[in-house]
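Line order of the protein sequences matches chains A and B. If you use numbering that gives the first Met the number 0, the first sequence corresponds to residues 0 to 353, in order. If you use numbering that gives the first Met the number 0, the second sequence corresponds to residues 0 to 117, in order. Ideal placement from N, C-alpha and C gives every residue a C-beta, glycine not left out. Only one structure is covered here, and it is reproduced in the block below.
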Amino acid sequence: MLHILPLLFFQYFTTNPELILVLKVVLSIVAVISLVAVLGLFLIYMERKVAAAMQLRLGPNRVGYIGTLQTMADTLKLLTKEGFTPGESDKFMFFLAPVIVITSAVLAFAPIPFAKGYQFWNLEIGVFYVPAVASISVIGVLMGGWASNNKYSLIGAMRSGAQIVSYELSVGLSLVSIVVLTGSMNFTTIIMSQENGWWIFKGHIPVVISFVIFLIASTAEINRTPFDLSEAESELTAGFHTEYSGIQLAMFLLAEYVNMFVISAVAATLYFGGWMPLHIGHWEAFNHIMNFIPGVIWFVGKTLFVIFIIMWFRWTFPRLRIDQLLNLEWKYLMPISLVNLLLVTIITLMGWHF
Amino acid sequence: MELGAGSILMLIAAGFTFAAATLILSKLLSKSSTNAQKAEPYECGIPPSGKAWVQFRIGYYIFALLFLLFDVEVVFLFPWAVVLKDMRFAGFVDIFIFMAIMFIGLLYAWKKGVLKWN
Chain A
0 MLHILPLLFF QYFTTNPELI LVLKVVLSIV AVISLVAVLG LFLIYMERKV AAAMQLRLGP
60 NRVGYIGTLQ TMADTLKLLT KEGFTPGESD KFMFFLAPVI VITSAVLAFA PIPFAKGYQF
120 WNLEIGVFYV PAVASISVIG VLMGGWASNN KYSLIGAMRS GAQIVSYELS VGLSLVSIVV
180 LTGSMNFTTI IMSQENGWWI FKGHIPVVIS FVIFLIASTA EINRTPFDLS EAESELTAGF
240 HTEYSGIQLA MFLLAEYVNM FVISAVAATL YFGGWMPLHI GHWEAFNHIM NFIPGVIWFV
300 GKTLFVIFII MWFRWTFPRL RIDQLLNLEW KYLMPISLVN LLLVTIITLM GWHF
Chain B
0 MELGAGSILM LIAAGFTFAA ATLILSKLLS KSSTNAQKAE PYECGIPPSG KAWVQFRIGY
60 YIFALLFLLF DVEVVFLFPW AVVLKDMRFA GFVDIFIFMA IMFIGLLYAW KKGVLKWN
């Protein structure tokens, strides 16, 4: 009788629908958490190596093979540091801010297709969902800056709020131009529409302009270097996370890298076809050879390419001033993207794209 | 993998679990102590004068108001973009008028000096 027990267990586990759902949810949570952890470890390593290469340095090369375990060591160090809460701060908001920032970053994973059929939610309004959810992080940033009861934090948080909120518009407008071309907000439909070529090649110059605007605006959205006024070291110590230490500080930094991944994944999906291999019109043989490379490699490769461009920005451009930053958005990017959207509309209606 | 709308709950749970796990782990691994100097807000070593919870400059809020206006515009553009191919040129004319009105609004704000930072 005893030897049949494992079989019974197996049958119970594989036929009970509620249990399968619970298992699915638990497995997804584990997958998301490990994705976040791996992203943090890998992207910070990549950032340091890219920075080193651009400044003719070696970068981390002591811990592990060519420094691959350096970020692991840093994470362990941060874990053993005290997470200090300043005395006169708003304790609850101070605690909640990094949690909100990291959760809003993770929430944006829902509609992103990692490979064909590997998507948490095949959402009809996916293109609309991602910026909507990602901009919740501004609440966390403002909360953290206000709760710290520190003047540097407050100024940093306010700057960051004004900046994220302003550049949201250009991000939205450049996303709309791809929605105009495809007539759908579903990520999978958008990818399928790029079966005979990616939009960046098919859509003439207006799509290239909208890609450039998207890159600039989303770099500003995630507070990265040409636009990192909120944490300008020379004037504000560390901006909104001046008072944070230990693992809470690590959470803010990790959220920045997760956001960068999400932004790059969206750019890769809309302009470079996500998991769709490089196809050129009716070149059947060429398309067939490209299909042998699995979709997930295409997706990760394109995403890392966009991430590399964003890292490249960091070592190329000096930091802007707050008035220059707001001028750039309201007097240049906004009008240009409005006009560009009209151009994309004309191209779509006349059927001028390939 | 497909979880439907439940994936929102799943991702919120994942975010909270991640945060809770790291916070608890760090609580277990780290020491903590406090004293009056340590609890002060960091202002480069000088004793802080007054709290940071003060009235803040109005410039930031004007940009928030402008954002609200134009964000609503962007939200209206999304459904329009989906149905554009069915509406053909009627859709183009509609959105041209809509955008022109919004653009005049932006020009008005510009002329009034709202976009100037001083």
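Going by C-alpha to C-alpha distance, which of the options sits closest to residue i?
i: I111 (chain A); options: A:V100, A:F239, A:R56, A:G125; result: A:G125
i: M92 (chain A); options: A:T74, A:G116, A:W351, A:I138; result: A:I138
i: G63 (chain A); options: A:A36, A:Y44, A:L77; result: A:Y44
i: E123 (chain A); options: B:L76, B:V81, B:R87; result: B:V81
i: G171 (chain A); options: A:I65, A:A133, A:L253, A:S152; result: A:A133
i: A18 (chain B); options: A:P16, A:Y11, A:N15, A:I28; result: A:I28
i: K26 (chain B); options: A:V100, A:L253, A:T84, A:I335; result: A:T84
i: E194 (chain A); options: A:F226, A:G294, A:E81; result: A:G294
i: A20 (chain B); options: A:I3, A:Q10, A:I32; result: A:I32
i: D227 (chain A); options: A:Q10, A:I154, A:S88, A:I279; result: A:I154
i: V409 (chain A); options: A:A266, A:A30, A:L6, A:Y256; result: The structure shown does not extend to residue 409 (chain A), since chain A spans only 0 to 353, so no value can be given for it.
i: A72 (chain A); options: A:G39, A:F94, A:F8; result: A:G39
i: D93 (chain B); options: B:Q54, B:F75, B:V53; result: B:F75
i: W109 (chain B); options: A:T344, A:L68, A:P334, A:W311; result: A:P334
i: V299 (chain A); options: A:L348, A:A30, A:S263; result: A:S263
i: A96 (chain A); options: A:I246, A:L57, A:I279; result: A:I246
i: L248 (chain A); options: A:F94, A:Q54, A:T14; result: A:F94
i: W116 (chain B); options: A:D322, A:I292, A:L75; result: A:D322
i: G280 (chain A); options: A:I346, A:V343, A:T344, A:G196; result: A:G196
i: T16 (chain B); options: A:F210, A:N290, A:L75, A:V35; result: A:V35
i: L24 (chain B); options: A:A219, A:K301, A:K76; result: A:K76
i: A156 (chain A); options: A:V100, A:S192, A:S209; result: A:V100
i: E220 (chain A); options: A:V211, A:R61, A:G350, A:S169; result: A:S169
Are the CB atoms of residue j and residue i within a distance shorter than 9 Å?
i: T70 (chain A); j: L28 (chain B); result: no
i: V179 (chain A); j: L337 (chain A); result: no
i: A161 (chain A); j: L325 (chain A); result: yes
i: M250 (chain A); j: R223 (chain A); result: no
i: S173 (chain A); j: F213 (chain A); result: yes
i: I11 (chain B); j: T102 (chain A); result: yes
i: L332 (chain A); j: I204 (chain A); result: no
i: G355 (chain A); j: R318 (chain A); result: The requested residue 355 (chain A) does not occur in the structure, where chain A is confined to residues 0 to 353.
i: A51 (chain B); j: K90 (chain A); result: no
i: S165 (chain A); j: W329 (chain A); result: yes
i: G14 (chain B); j: V261 (chain A); result: no
i: E167 (chain A); j: F66 (chain B); result: yes
i: A254 (chain A); j: S147 (chain A); result: no
i: A109 (chain A); j: W120 (chain A); result: yes
i: S32 (chain B); j: E17 (chain A); result: no
i: I177 (chain A); j: Y270 (chain A); result: yes
i: F88 (chain B); j: M184 (chain A); result: no
i: A38 (chain B); j: E87 (chain A); result: yes
i: R313 (chain A); j: P225 (chain A); result: yes
i: T236 (chain A); j: Y59 (chain B); result: no
i: L68 (chain B); j: G104 (chain B); result: yes
i: L342 (chain A); j: F91 (chain B); result: no
i: E72 (chain B); j: F55 (chain B); result: no
Any heavy atom of the ligand MN inside 8 Å of the beta-carbon of residue i?
i: E17 (chain A); result: No copy of the ligand MN occurs in the structure displayed, which carries no ligand at all.
### Query
In chain order, what residues of the segment 70-85 of chain B put their CB closer than 7 Å to some CB of chain A?
Of all residues in the segment 70-85 of chain B, those with a C-beta nearer than 7 Å to a C-beta of chain A are D70, V73, L76, F77, A80, V81, L83, K84, reading in chain order.
### Task
Tell me the start and end of each unbroken alpha helix (DSSP H) in the segment 277-321 of chain A that is at least 4 residues and wholly inside, in chain order.
Listed in chain order, they are 283-289, 294-313.
#### Entry: Meets three-Cβ-pair contact criterion under 8 Å: the segment 42-59 of chain A and the segment 1-9 of chain B
Too few Cβ pairs lie closer than 8 Å, so no.
### Task
Give a yes or no on contact between the segment 278-296 of chain A and the segment 19-37 of chain A, applying the rule of three or more CB pairs nearer than 8 Å.
Cβ pair count under 8 Å is below three, so no.
#### Entry: alpha helix (DSSP H) segments (min. 4 residues) lying fully within the segment 43-116 of chain A
Residue ranges of uninterrupted alpha helix (DSSP H) with 4 or more members, entirely inside the segment 43-116 of chain A and ordered along the chain, are 69-78, 90-106.
### Task
Please list the residues of the segment 7-36 of chain B that have a C-beta atom closer than 7 Å to any C-beta atom in chain A, keeping them in chain order.
Residues I7, M9, L10, I11, A12, A13, G14, F15, T16, F17, A18, T21, L22, L24, S25, L28, S29, K30, S31.
### Message
For the pair the segment 135-154 of chain A and the segment 230-245 of chain A, tell me if three or more CB-CB distances fall below 8 Å.
### Response
Enough Cβ pairs lie closer than 8 Å, so yes.
### Message
Measuring CB atoms only, is the segment 271-280 of chain A touching the segment 107-121 of chain A, in the sense that at least three cross pairs come out at less than 8 Å?
### Response
The segment 271-280 of chain A, when compared against the segment 107-121 of chain A, does touch it at the 8 Å Cβ threshold.
### Message
Extract the residue ranges of the alpha helix (DSSP H) inside the segment 16-75 of chain B, only unbroken runs of 4 or more that lie entirely within it.
### Response
Taking only runs of at least 4 residues, the alpha helix (DSSP H) segments lying wholly in the segment 16-75 of chain B are 35-38.
### Query
Counting pairs of Cβ atoms below 8 Å between the segment 127-134 of chain A and the segment 292-306 of chain A, do you hit three or more?
Not touching, per the Cβ criterion.
### Task
Could you pull out every unbroken alpha helix (DSSP H) segment of at least 4 residues lying fully inside the segment 147-192 of chain A, listed in chain order?
Runs of the alpha helix (DSSP H) inside the segment 147-192 of chain A: 150-181, 186-191.
### Message
By the 7 Å beta-carbon criterion, what residues does the segment 49-62 of chain B contribute toward chain A?
### Response
Answer in chain order: K50, A51, W52, F55, Y59, F62.
### Query
Using a Cβ cut-off of 8 Å, which residues of the segment 177-209 of chain A contact any Cβ in chain B, in chain order?
Interface annotation for the segment 177-209 of chain A against chain B: V178, V179, G182, S183, M184, criterion Cβ-Cβ distance under 8 Å.
### Message
Closer than 8 Å between beta carbons: that is the criterion. Which residues of the segment 317-336 of chain A meet it against chain B?
### Response
Listed by position, the residues of the segment 317-336 of chain A near chain B (Cβ gap below 8 Å) are I321, D322, L325, N326, W329, K330, M333, P334.
#### Entry: Residues in the segment 261-281 of chain A having any Cβ partner in chain B nearer than 9 Å
So the list is empty, because no residue satisfies the distance condition.
### Contacting positions in the segment 63-81 of chain A - beta carbon closer than 8 Å to chain B
Cβ contacts with chain B come from L77, L78, T79, K80, E81.
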